[in-house]
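K.L.:
These protein sequence lines map, in sequence, to chains G and W.
Take the numbering used here: the final residue in the first sequence is number 464, and no numbers are missing along the way.
Take the numbering used here: the final residue in the second sequence is number 928, and no numbers are missing along the way.
Take this structure first; my questions come after.
Protein chains: 2
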Amino acid sequence: MVKTNLDRLFNPKSIAVIGASGDRNKASYTVWKNLVENYKGKIYLVNPKYEEIEGIKCYKSVRDIKKPIDLGVVIVNAKISNTVIKEAMESKVKFLVVITAGYREIGKEGIRREMELKNMLKEHNYKTRVVGPNCLGILDNNSNVNVLFLPKNKTTRPLKGNISLIFQSGALGAAIIDRFASEGIGISRFVSYGNAVDLNELDFLEYFLKDNKTRVVGLYLEGIRDGRKLFDLLKKAQKPVIVVKGGKTQKGGKATLTHTGSIAGNYEIFRGVCQQTNTILADNFRDFENYLKIFDQNPLMKNNKVMVLTNGGGFGVLAADGIELSELLDLYTINKKEERSLRNILPDYGNISNPLDLIGDATPKRYEEALKILNNNGIGAYLVIILSQTFSMDERIVEVLIKIKHVYRKPIICVLDGGEYVFTLRALLESRGITCYSSVHEAIKSLEKLYWYSERASWDESRN
Amino acid sequence: MVKTNLDRLFNPKSIAVIGASGDRNKASYTVWKNLVENYKGKIYLVNPKYEEIEGIKCYKSVRDIKKPIDLGVVIVNAKISNTVIKEAMESKVKFLVVITAGYREIGKEGIRREMELKNMLKEHNYKTRVVGPNCLGILDNNSNVNVLFLPKNKTTRPLKGNISLIFQSGALGAAIIDRFASEGIGISRFVSYGNAVDLNELDFLEYFLKDNKTRVVGLYLEGIRDGRKLFDLLKKAQKPVIVVKGGKTQKGGKATLTHTGSIAGNYEIFRGVCQQTNTILADNFRDFENYLKIFDQNPLMKNNKVMVLTNGGGFGVLAADGIELSELLDLYTINKKEERSLRNILPDYGNISNPLDLIGDATPKRYEEALKILNNNGIGAYLVIILSQTFSMDERIVEVLIKIKHVYRKPIICVLDGGEYVFTLRALLESRGITCYSSVHEAIKSLEKLYWYSERASWDESRN
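Shown next as C-alpha cells:
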C-alpha cells in the first residue's frame with residue numbers, strides 16, 4: 001500500500017463536508033457547525049438539496065468546488081456514499097473520512113458496497129486515502145478539526161492535551177472523550193477508523209509514534225490485520241502505548257464480526273506481543289482509561305518504592321494491603337531522620353510508619369510538611385490519599401501537590417473517594433496534571449503498570 | 465457479655481451531646497447542629513464552658529440533666545473522656561457513642577486509657593453500652609439520628625434507603641456515604657465503631673440481620689475478634705451480607721494495628737468462611753461499593769442467562785468478552801420468534817444477536833420495543849448499555865427502564881460511561897432503583913456476584 005504522510009488529514013488547509021445538512025437535529029449538521037465554530041481553515045459545504053445553509057454557500061457536488069481540498073467528510077446515505085466518494089477521488093481530495101455506515105458490518109449488501117469501495121481505491125492508486133467507513137472520524141485539538149458528530153448538550157468539550165487515541169469503535173471513543181473532558185484530562189488527537197477499508201490502526205500508530213504532539217498513545221483494537229507490522233511498530237515505540245482488546249473470546253470475536261466486521265485473533269498471542277514489546281496491555285476498558293492518564297501526567301518511576309500518605313487510617317490499611325500484594329511495588333521504609341522530623345509535625349499520638357497516617361485533622365499544610373520531609377531519592381512515587389470530607393481538608397491541597405510535583409519530578413498519585421466536593425477537587429487536580437483515582441485499588445494497579453514500563457522502556461529523559 | 469437490644473441506640477428518644485461546642489469550625493459543633501436540624505427527639509447539650517449555645521441551654525455535666533437519656537455522644541478531649549463517660553454511666557445513659565480518639569490506637573498512654581474504660585464498663589455491668597472510642601459514630605436515616613461530624617459543604621446529604629453499613633474505619637465510611645449520596649443510592653443505617661471497646665461488628669451484624677429496615681448489610685472489617693460467632697451469624701443470615709477486609713497482608717495487618725489496634729487474622733481462612741456462609745466477599749473497596757448497590761436495587765436472578773442490549777457496537781464486544789470469560793454467566797440465545805419481531809424494529813442492516821446492537825441511532829423507544837420483545841423467562845438479567853452521547857438518546861430512557869423493571873421484576877443493570885450528562889442520567893436512574901456502572905467490566909463482575917448469591921441463598925420470595 002502507498003505511504004502517505006497524514007499531516008493533511010489531521011491538519012488540513014481545507015475541508016469539504018459532503019452531505020452537510022441544514023437540520024439541526026442531524027449529525028450531518030453538527031459536523032459542519034462544529035467546524036465552522038472552531039476550525040480556522042477553509043470549509044466547503046456539499047449537498048444538492050441546498051443552495052446555502054445558514055448563509056454559507058452549498059455546492060451540488062464536490063466536483064463543483066474546483067479548489068484543492070485536503071479533507072472530505074462523507075456523511076450521506078449508504079446508497080449514494082460510493083458515488084460521492086468517487087466524485088471526491090476524481091476531484092483529488094487528499095483524505096476522506098467516511099462516517100456513513102452500511103458497509104461490511106451489515107452483511108451481504110454492505111460487503112458488496114465495501115468491495116466496490118476497495119476497488120475504487122485501487123483504481124485510483126490510493127491517491128485519495130480513506131478513514132472509515134462506519135466510523136466516528138477524527139478530532140484534533142491542535143488544528144481544531146473535529147468531525148465527531150456528538151451533540152454538544154450531551155458531551156463535555158474535550159481539552160487539549162498529549163494523549164492520542166486510535167479507536168476501532170466509535171462508541172467507546174465517544175465515551176472516553178466525554179469522560180476525559182469532564183475529568184480535566186486532555187487529548188491531542190483522536191481517530192475512530194471503523195471498517196478500515198484503507199487507513200487502519202497501523203497507519204495511525206506509526207504516525208502518532210513519530211508525532212511530537214503525542215506523549216502517550218491509546219489503542220482500542222478489535223481485529224489485528226498485520227501482526228508482524230504491529231509487532232515491529234510496538235517494538236520500536238519510544239513512548240508508552242496502552243492497548244485494550246475487544247474480541248478476546250469466541251463470542252466477543254463473533255460480536256466484532258457484526259460490529260466492524262474484523263477477525264479478532266488470539267488473545268494469548270496478543271498478550272505475548274505486548275509483553276515482548278513493552279506495550280501496556282489493559283485487561284478492561286476501565287483499566288485502559290486509568291493507565292492512559294497515569295502515563296500522560298507522570299514521569300517514569302526510578303525505583304519501586306511507594307510512600308503512602310493519608311488522613312484516613314482505613315485507606316492506609318487498604319494501601320498497605322494493595323502494595324504488599326503487588327509483585328512489583330514495595331512500601332518505602334522511613335529512615336530515622338525522617339521519623340524524627342515527622343514527629344514534630346504530627347500530634348503526639350501519631351504513629352510514624354508507611355502508610356503514614358497524618359490523622360483526621362490533617363490540613364493541606366501538614367501534607368506539605370510531611371512531603372517536604374519525605375524528599376528522598378529512595379522514593380519512586382507518592383500515593384497521596386485524601387479524605388476531603390474532613391473539616392481541616394480543603395482546596396489548598398491542590399497547590400501543595402502541584403508545587404511538590406513540580407520540584408520533585410516524580411509521580412504523585414492521588415486517591416479521593418466520595419461525592420460532589422470530591423468530583424470538584426479531582427477535576428481541579430487532574431486539570432493541573434495530578435493523576436487522581438477514586439479507589440486505592442485502581443491507583444495501585446495503575447502505579448504498578450507505570451513501574452513495569454519504567455523498568456523496561458528505553459529511558460526517555462525528556463519525560464523526566 | 466450482656467445482651468442488649470440496640471433499638472434505642474439507633475432510635476433514641478433523647479440525646480445528650482457531651483462536649484457540644486459553640487465554635488462553628490469544630491466537629492463538636494457540627495454534631496449537635498445536625499441533630500437539632502433533623503432529629504425530632506429531645507436534645508441536651510453538655511459543656512461546662514457554656515451557659516447556652518445559640519439559645520440552647522448547656523449543662524455543666526450530664527449528671528445535671530436528671531432526665532432519662534437514651535444516647536450520649538462523647539466528643540471531648542481524650543484527657544477527660546473517661547471522666548465524662550463515667551459520669552454518663554452513673555447517670556444511666558443507655559448508649560454512648562464515643563467519638564473521641566486517643567485510645568489504644570496511639571500506643572502506651574492510650575492503651576492505659578482504654579483498659580480503664582474497659583474496667584469501668586465491667587464495673588457497671590455493661591448497663592451503659594458503648595460504641596467506639598475513636599469512631600465516626602452512627603447515622604440513621606429512619607430516626608434522623610446523625611452524629612457524623614462531616615462538614616455539610618464537603619459532603620452530599622445521604623438519602624434514605626435500605627443498605628445498612630458496619631464500618632470499623634470512619635474514613636472509608638465517610639467516603640462511601642458521600643459517594644452513595646451523590647450517586648442517588650440510599651442508606652438505612654450506618655455505624656462506625658472504631659476501637660470497639662464494647663459493641664462491635666458482631667452486635668451490629670446481629671441487629672441488622674433481624675432489622676426490617678435493612679435489606680442488604682455491608683461490612684468493612686479489619687480485625688476479627690470472634691470467628692465462631694461471626695461464622696454463625698453469617699451462616700444464618702437471611703439477607704445478603706457483603707464484606708470487604710482490610711489487613712489481608714502482613715503490612716496491611718500492621719497498619720490495622722496502628723489504625724484501630726486490631727489483629728487482622730488470616731485472609732485465606734476468612735475467604736473460606738465467606739464461601740461456606742454465602743457471604744459476598746469483595747476483593748477491594750470499589751467492588752464492595754459496586755456489589756452493595758446491585759444487591760440493594762435488584763431481585764435475585766432466576767437463571768444465569770444475560771441479555772445484552774446496546775447502541776454502541778464496541779460496548780457489545782466488551783460485554784460478550786466479559787460474559788464469555790465469566791465462569792457463572794452466559795449469554796441468552798435469542799429464539800426465532802424474538803428474532804423475527806426484532807427485525808421489525810431494527811434498521812434493515814441491523815444484526816440480530818446477543819449482544820443486541822440497537823445501532824447508533826437507537827431511541828429510548830427502540831430500547832423499549834426490544835425489551836418488550838425480549839420478555840422471556842429464559843432471561844435471568846438484562847445488561848443495558850447506553851451510549852448517551854448520541855443524538856437519539858435522551859432522558860426518556862429512564863422511564864422506559866423503570867417501567868420494564870417494575871413489570872419484569874428482574875435485574876436490569878445499566879452501563880453508561882462519559883462526562884457530565886452521563887453523571888446526570890446515572891443519578892436519575894440510580895435514584896429510581898436502576899443500578900448503573902460506568903464500565904461493562906464492573907457491571908458483569910457485579911452481576912456475577914448477584915448470580916452466585918442467587919444460586920446459593922435460601923430463596924427469599926420477598927425480594928422478588
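Beta carbons are placed, not taken as given, at the ideal position from N, Cα and C, and that holds for glycine.
Remember, it's a predicted structure, so these values are computed and weren't measured experimentally.
With a threshold of 8 Å between beta-carbons, can residue 623 of chain W be considered close to chain G, or not?
P.N.:
Stepping through the second sequence from its first residue, residue 623 of chain W is reached at position 159. Residue 623 of chain W does not count as touching chain G.
K.L.:
Identify the contact partners of residue 151 of chain G in chain W, using a Cβ-Cβ distance below 8 Å as the criterion.
P.N.:
Looking up residue 151 of chain G in the first sequence gives position 151. Per Cβ cutoff of 8 Å: 853, 854, 855.
K.L.:
Taking only the alpha-carbon atoms, compute the straight-line gap between residue 133 of chain G and residue 91 of chain G and give it to the nearest angstrom.
P.N.:
For the purposes of this step, residue 133 of chain G is taken as residue 133 along the first sequence, with counting starting at 1. For the purposes of this step, residue 91 of chain G is taken as residue 91 along the first sequence, with counting starting at 1. Spanning the two alpha carbons is a distance of roughly 19 Å.
K.L.:
Could you check what DSSP says for residue 215 of chain G in three-state terms: helix, strand or coil?
P.N.:
Locating residue 215 of chain G in the first sequence gives position 215, where the first residue counts as 1. Note: residue 215 of chain G maps to coil in three-state DSSP.
K.L.:
If we ignore side chains and look at the alpha-carbon of each, how far apart do residue 307 of chain G and residue 383 of chain G end up?
P.N.:
As a first step, residue 307 of chain G must be located in the first sequence, where it is residue number 307. As a first step, residue 383 of chain G must be located in the first sequence, where it is residue number 383. Cα-Cα distance, rounded: 6 Å.
K.L.:
From which residue to which residue does the alpha helix (DSSP H) around residue 171 of chain G run?
P.N.:
As a first step, residue 171 of chain G is located in the first sequence; it is residue number 171 there, counting from the start. Where residue 171 of chain G is concerned, the enclosing alpha helix (DSSP H) stretches over 170-183.
K.L.:
The region 588-602 of chain W: which residues have C-beta closer than 7 Å to a C-beta of chain G, in chain order?
P.N.:
none
K.L.:
How would you write the range of the beta strand (DSSP E) that residue 33 of chain G sits in, first residue to last?
P.N.:
Stepping through the first sequence from its first residue, residue 33 of chain G is reached at position 33. Here residue 33 of chain G belongs to no beta strand (DSSP E); instead the alpha helix (DSSP H) covers 27-38.
K.L.:
Am I right that residue 768 of chain W and residue 745 of chain W are in contact with their C-beta atoms under 8 Å? What's the rounded C-beta distance?
P.N.:
Position 304 of the second sequence holds residue 768 of chain W. Position 281 of the second sequence holds residue 745 of chain W. So it is not a contact: roughly 20 Å between Cβ atoms.
K.L.:
Suppose the cutoff is 6 Å on Cβ atoms and the five residues either side in sequence are ignored; what does the same chain contact list for residue 668 of chain W look like?
P.N.:
On the second sequence, residue 668 of chain W is found 204 positions in, with the first residue counted as 1. Same-chain partners within the cutoff: 630, 655.
K.L.:
Grouping DSSP H, G and I as helix and E and B as strand, with all else coil, what is residue 480 of chain W?
P.N.:
In the second sequence, residue 480 of chain W corresponds to position 16, counting from 1. DSSP places residue 480 of chain W in strand when its eight states are reduced to three.
K.L.:
Taking residue 139 of chain G as the reference, which of G:170, G:127, G:116 has the closest Cα?
P.N.:
Within the first sequence, the letter at position 139 stands for residue 139 of chain G. When each option's Cα is compared against that of residue 139 of chain G, the closest is G:170.
K.L.:
According to the neighbour-count rule (16 or more other Cβ atoms, all chains shown, within 10 Å of its Cβ), is residue 871 of chain W buried or exposed?
P.N.:
For this step, residue 871 of chain W is matched to residue 407 along the second sequence. Exposed.
K.L.:
Mind pulling the alpha helix (DSSP H) runs of 4 or more residues that sit fully within the region 307-373 of chain G?
P.N.:
313-325, 336-345, 364-373
K.L.:
Could you name the residues of chain W that residue 156 of chain G contacts, counting a contact when the two beta carbons are closer than 7 Å?
P.N.:
Within the first sequence, numbered from 1, the residue matching residue 156 of chain G stands at position 156. Within chain W, the residues near residue 156 of chain G are 883, 884.
K.L.:
Pair every Cβ in the region 423-437 of chain G with every Cβ in the region 308-323 of chain G, then say whether three or more of these pairs are closer than 8 Å.
P.N.:
With the cut-off at 8 Å, the region 423-437 of chain G and the region 308-323 of chain G do not touch.
K.L.:
Looking at the strands, I want to know which residues DSSP matches up with residue 52 of chain G.
P.N.:
Locating residue 52 of chain G in the first sequence gives position 52, where the first residue counts as 1. Answer is G:57.
K.L.:
In the structure shown, what three-state DSSP assignment does residue 427 of chain G receive?
P.N.:
For the purposes of this step, residue 427 of chain G is taken as the residue at position 427 of the first sequence. Here residue 427 of chain G sits in helix by DSSP.
K.L.:
Given a cut-off of 8 Å, decide if residue 563 of chain W and residue 601 of chain W are closer than it, judged by their beta-carbon atoms.
P.N.:
Counting from one through the second sequence, the residue named residue 601 of chain W turns up at place 137. Counting from one through the second sequence, the residue named residue 563 of chain W turns up at place 99. Yes, they are a contact pair.
K.L.:
Return the first residue and the last residue of the beta strand (DSSP E) that residue 205 of chain G is part of.
P.N.:
Residue mapping note: residue 205 of chain G aligns to position 205 of the first sequence, counting from 1. Premise fails: residue 205 of chain G lies in the alpha helix (DSSP H), 201-210, not in any beta strand (DSSP E).
K.L.:
Keeping to the same chain, check which residues put their C-beta closer than 6 Å to that of residue 101 of chain G; ignore five residues upstream and five downstream.
P.N.:
Numbered from its first residue, the first sequence carries residue 101 of chain G at position 101. So the qualifying residues of the chain are 134.
K.L.:
Could you confirm whether any beta carbon from chain G is found closer than 8 Å to the beta carbon of residue 711 of chain W?
P.N.:
Within the second sequence, the letter at position 247 stands for residue 711 of chain W. Yes, contact with chain G.
K.L.:
Does any residue of chain W have a CB that is nearer than 8 Å to the CB of residue 220 of chain G?
P.N.:
Looking up residue 220 of chain G in the first sequence gives position 220. It does; some Cβ of chain W falls within 8 Å.
K.L.:
Measuring only the C-alpha atoms, how far is residue 428 of chain G from residue 672 of chain W?
P.N.:
Sequence index remark: in the first sequence, residue 428 of chain G carries index 428 (1-based). Sequence index remark: in the second sequence, residue 672 of chain W carries index 208 (1-based). Looking at the two C-alpha atoms, the distance is approximately 39 Å.
K.L.:
Count the other CB atoms, across all protein chains shown, that sit within 10 Å of the CB of residue 151 of chain G; report buried if there are 16 or more and exposed otherwise.
P.N.:
Taking the first residue of the first sequence as 1, we reach residue 151 of chain G at position 151. Buried.
K.L.:
With a threshold of 6 Å on Cβ separation, who are the neighbours of residue 681 of chain W within its own chain once the five nearest residues in sequence on each side are excluded?
P.N.:
Residue 681 of chain W sits at position 217 when you count from the first residue of the second sequence. Taken in chain order, the residues that qualify are 628, 672, 705.
K.L.:
Roughly how many whole angstroms lie between the Cα atoms of residue 471 of chain G and residue 731 of chain W?
P.N.:
What the structure shows of chain G is the stretch from 1 to 464, and residue 471 of chain G is not part of that stretch, so it cannot be assessed.
K.L.:
Going along the chain, which residues of the region 490-502 of chain W sit with their C-beta nearer than 9 Å to a C-beta in chain G?
P.N.:
490, 491, 494
K.L.:
Please list the residues of the region 314-329 of chain G that have a C-beta atom closer than 9 Å to any C-beta atom in chain W, keeping them in chain order.
P.N.:
314, 315, 316, 317, 318, 319, 320, 321, 322, 323, 324, 325
K.L.:
Can you give the Cα-Cα distance for residue 61 of chain G and residue 143 of chain G, rounded to whole angstroms?
P.N.:
Residue numbering aside, residue 61 of chain G sits at position 61 when the first sequence is read from its first letter. Residue numbering aside, residue 143 of chain G sits at position 143 when the first sequence is read from its first letter. If you take the alpha carbons of residue 61 of chain G and residue 143 of chain G, they lie about 26 Å apart.
K.L.:
Starting from the Cα of residue 476 of chain G, find the closest Cα among G:20, G:23, G:443 and give me that residue.
P.N.:
The displayed coordinates of chain G run from 1 to 464. Any statement about residue 476 of chain G would go beyond what the structure contains.
K.L.:
Going by CA-CA distance only, name the one from W:692, W:613, W:844 that's closest to residue 912 of chain W.
P.N.:
The count along the second sequence starts at 1 and reaches residue 912 of chain W at position 448. It is W:844 whose Cα lies nearest to the Cα of residue 912 of chain W.
K.L.:
Since residue 660 of chain W is in the beta strand (DSSP E), which residue starts that stretch and which ends it?
P.N.:
Numbered from its first residue, the second sequence carries residue 660 of chain W at position 196. Careful: residue 660 of chain W lies outside any beta strand (DSSP E) and carries neither H nor E.
K.L.:
Counting only the same chain and skipping the five closest in sequence on each side, list residues whose C-beta sits under 6 Å from that of residue 4 of chain G.
P.N.:
Locating residue 4 of chain G in the first sequence gives position 4, where the first residue counts as 1. Only 129 meet the Cβ criterion.
K.L.:
Start and end of the beta strand (DSSP E) containing residue 603 of chain W?
P.N.:
As a working note, residue 603 of chain W is residue 139 in the second sequence. Residue 603 of chain W -> beta strand (DSSP E) spans 601-604.
K.L.:
For the region 617-624 of chain W against the region 568-588 of chain W, do three or more pairs of beta-carbon atoms, one drawn from each stretch, fall closer than 8 Å, so that the two count as touching?
P.N.:
no
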